[in-house]
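The structure appears right after this line, and notes come after that.
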Amino acid sequence: MSTNAQQPSLSNQELDVLVVGAGFGGAYQLYRLRQAGFSVKVFESASNLGGTWYWNCYPGSRVDSDFSIYQFSMEELWKDWSWSERFPGQKELVEYFDYVDKKLDLRRDITFDTRVTAAHFDTTTNRWVVTTQNGITVRPRFLILCTGFASKPLIPDYKGLGTFKGVIHHTSRWPQEGVKWAGKRVGVIGTGASGVQVIQECGPDVSHLTVFQRTPNLALPMVQRKLDEKAQKKMKEEMYPYIFRRRLQTFGGFHFDTIKTSLFDLTPEELYLELDELWSKGGFHFWLGAHFDTFTDERANDELYAFWQKKVKARINDPEMQRKLAPIVAPHPFGTKRPCLEQRYYEVYNQPNVTLIDINENPISEITPKGVKTRDGVEHELDILVLATGFDAVTGSIAQIDIRGTDGVLIGEKWGKGLSTYLGLTSANFPNMFFLYGPHGPTAFCNGPTCAEIQGDWIVDCLKYMRDKHFTRIEPKKAAEDGWVKKVNEIFSAGLWNKAKSWYTGANVPGKVIESLNFTGGVPLYLQMCREVVEKGYEGFVLS
Ligand code: N01
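Residue numbers for the sequence shown follow our numbering, beginning at 2 and rising by one.
Here it is in structure tokens:
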């Protein structure tokens, strides 16, 4: 699929822009920057477009946002594209990327199978010197990191991990050719969105499934449905432009928003019926469409959890399973750890071939050649071990690259002491470098296509402004960065987010500073703050 014919001639090129990554962010940057007349190339470590959708090809992998908002908003794209399901699967998303690639003729400027290993800023030329694993060096004026929030897998350092004699894969490094698990003994460590999707997919197929759960997932019903062509056509004609504008006006970048009044304004009966309606709608309605005080007030949040617990418990037969999967006391406030969308997940635990191990009660002591040994001395023998253990999310994608700014300090070293960015787009001492769908952006509280467009447009407009004014260097001031960090943390502490150990805060990675990795003020506020900076002549930046 990949074509790297242009590779040798790339070396030492002085490009306007080098984009890293060809997922939603990178594809959009390439399209917009080319349109604006910049010379731009994309380096992508995978063999095809798609970013996270290329890598996460495990069975059951599926998007958690409605098809209507989880796509680019350009009419030239949506007018000829139809989705087959409300929540499309990974294969369909890869097909969508192929379609976008053909429509926008992207591939000719993307070099695949090319991992960027280092980027050092050269203060004499005001250019980045970017090198790749396969020996390419380019010198772009601007470096735009579209590396996504989940490109650095988190592999637990269990004793004996390397000794396992069966098949072992992290969900985000699943072999493209697939893994045959029918009739096999499968173990899954981790019950985040990836774990839930794998578990519900393999449960009915395998001879035995052993799930190692640390924290129960407060999963929501997906309410999946097939889409028909005719209804979609009507929707495109009558609603799409409104939906795309609407996603810029709502907290989570969805077509629906949180309810601004207090949950306590309702009678218990009104509340029950309202929650039931949100539940029946499926998707994130029960979370991002609920009362806003459930994000800030633990008592309001408890109401969501109580409703969730009752609904889920009713689907599980065994009291022990009920206790582990839907405990009476919430493991954390509802939604402070990203919920995922499930289809038949809880029913899997009613199957006789499924064992659920709560590793808080009975921790994993080691991985053996035959399987997983728990503290009670039992060795769970397995043919396949799935690590659904998540990511060094948000910052890890960027910090894993040897990126050095004006003072020679690594970006990972700078952020290792505490995350600091300006606008979730730039960082002091790293001139001419931008990132999107990453640290301090609306990232986890938005979605890929929306972030790619809102942050991507800001970056392209900035580059056009610089070209018009004959500037060759842009860098945020330290004071502006400090102000942004303060603001991000203030907004964050008004919510309940730090009451959960999750990838939202880095608490899932041993030793990582626990802090807000995202901008939690919602899309409209984020847009407003970014717009104000521009209106004030790129306030907080030094341009030269
Ligand atoms: O990762 P996670 P994910 N020993 O970090 C457990 C998106 N996504 O890949 O909760 C044992 O959520 C960990 O336990 P705990 C989506 O935004 C979307 O599932 O930390 N267990 C947890 O159960 C999602 O939110 C889709 O106690 C260990 C799990 O592993 C985000 O990506 C599909 C462990 C990790 O869950 C991340 O999801 C997939 C250890 N040492 C992903 N370390 C869609 O549906 C971690 N765990 C679009």
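By construction, the Cβ of each residue, glycine as well, lies at the ideal position given by its N, Cα and C atoms. Keep in mind that this is a model prediction, so the values were computed, not measured.
Item                                                                                                                                                                                       : Value
Helix, strand or coil for Ser366 per DSSP?                                                                                                                                                 : strand
Between Ala429 and the ligand N01, is there a pair consisting of the residue's CB and a ligand heavy atom that are separated by less than 6 Å?                                             : no
At a cut of 8 Å, does the stretch 417 to 424 reach the stretch 515 to 531 through at least three beta carbon pairs?                                                                        : yes
Which full runs of the beta strand (DSSP E) of 3+ residues lie inside the stretch 186 to 219, going along the chain?                                                                       : 186 to 190 and 209 to 214
Buried or exposed: where does Tyr505 fall if 16 or more other Cβ atoms within 10 Å of its Cβ makes it buried?                                                                              : buried
Could you work out which residue in Pro370, Thr375, Thr132 and Gln344 is closest to Leu357 when comparing CA atoms only?                                                                   : Thr375
Based on the DSSP output, what are the partners of His171 in its beta bridges?                                                                                                             : Leu388
Identify, in the order they occur along the chain, each residue of the same chain with its Cβ nearer than 7 Å to the Cβ of Asp17, setting aside the five sequence neighbours on each side. : Phe39, Ser40, Val41, Pro141, Arg142 and Phe143
Hey, Thr473 and Asn127: beta-carbon distance below 7 Å or not?                                                                                                                             : yes
Return the CA-CA distance between Arg54 and Ala480, expressed in angstroms with no decimal places.                                                                                         : Note that residue 54 is Trp in the sequence shown here, rather than Arg. Straight-line Cα distance between these residues: approximately 38 Å.
In angstroms with no decimal places, state the Cα-to-Cα distance between Arg246 and Gly254.                                                                                                : 10 Å
In the DSSP assignment, the alpha helix (DSSP H) including Ala480 goes from what residue to what residue?                                                                                  : Lys479 to Ser494
What residue range does the alpha helix (DSSP H) around Ile260 cover?                                                                                                                      : Ile260 -> no alpha helix (DSSP H), and no H or E assigned at all.
When you compare only the Cα positions, how much space is there between Asn5 and Ile111?                                                                                                   : Confidence at Asn5 is low in this model, with a pLDDT of 49, below 50, so its placement is unreliable and the value that follows should be read with caution. Using only the alpha carbons, I get a separation of about 8 Å.
Evaluate contact between the stretch 291 to 307 and the stretch 327 to 346, counting only Cβ atoms and requiring at least three cross-stretch pairs below 8 Å.                             : yes
Do Ile385 and Lys237 have their C-beta atoms closer together than 7 Å?                                                                                                                     : no
Between the Cα of Glu382 and the Cα atoms of Phe293, Leu210, Glu414 and Ile360, which residue gives the shortest distance?                                                                 : Leu210
Counting Cβ pairs, one atom from each stretch, are 3 or more of them under 8 Å apart for the stretch 345 to 362 and the stretch 200 to 215?                                                : yes
When you measure from the CB of Asp65 to every non-hydrogen atom of the ligand N01, does any distance come out below 6 Å?                                                                  : yes
Just grab the DSSP bridge partners of Phe436 for me.                                                                                                                                       : Leu146
So what does DSSP say about Leu105, is it helix, strand or coil?                                                                                                                           : helix
Does the distance between the C-beta of Ile190 and the nearest non-hydrogen atom of the ligand N01 fall short of 6 Å?                                                                      : yes
Measuring straight from C-alpha to C-alpha, what distance separates Ile190 and Thr369?                                                                                                     : 14 Å
Do you know offhand how far Lys80's Cα is from Tyr100's?                                                                                                                                   : 12 Å
Sort Lys500, Thr390 and Ser195 by Cα distance to Asp158 and report the nearest one.                                                                                                        : Thr390
Under DSSP, the beta strand (DSSP E) around Ala119 begins and ends at which residues?                                                                                                      : Val117 to Asp123
Helix, strand or coil for Thr427 per DSSP?                                                                                                                                                 : strand
Is Glu476 helix, strand or coil by DSSP?                                                                                                                                                   : strand
Use the C-beta contact count for Gly409: other C-beta atoms within 10 angstroms, 16 or more gives buried, fewer gives exposed.                                                             : exposed
Could you tell me which whole alpha helix (DSSP H) segments of length 4 or greater appear in the stretch 447 to 475?                                                                       : 449 to 470
Beta carbon of Thr473: closer than 6 Å to some heavy atom of the ligand N01?                                                                                                               : no
Would the beta-carbon of Gly523 fall within 7 Å of that of Phe150?                                                                                                                         : no
Using a 10 Å radius around the Cβ and a threshold of 16 neighbouring Cβ atoms, would you call Tyr559 buried or exposed?                                                                    : Absent from the structure is residue 559, since the part of the chain shown begins at 2 and ends at 545.
Near Met434, what residues of its chain come up, given a Cβ to Cβ distance below 6 Å and the 5 sequence neighbours on each side ignored?                                                   : Leu144
Just to confirm before moving on: does the CB-CB distance between Glu367 and Lys227 stay below 7 Å?                                                                                        : no
Compute the distance between the beta-carbons of Thr297 and Ala495, then report whether it is under 7 Å.                                                                                   : yes
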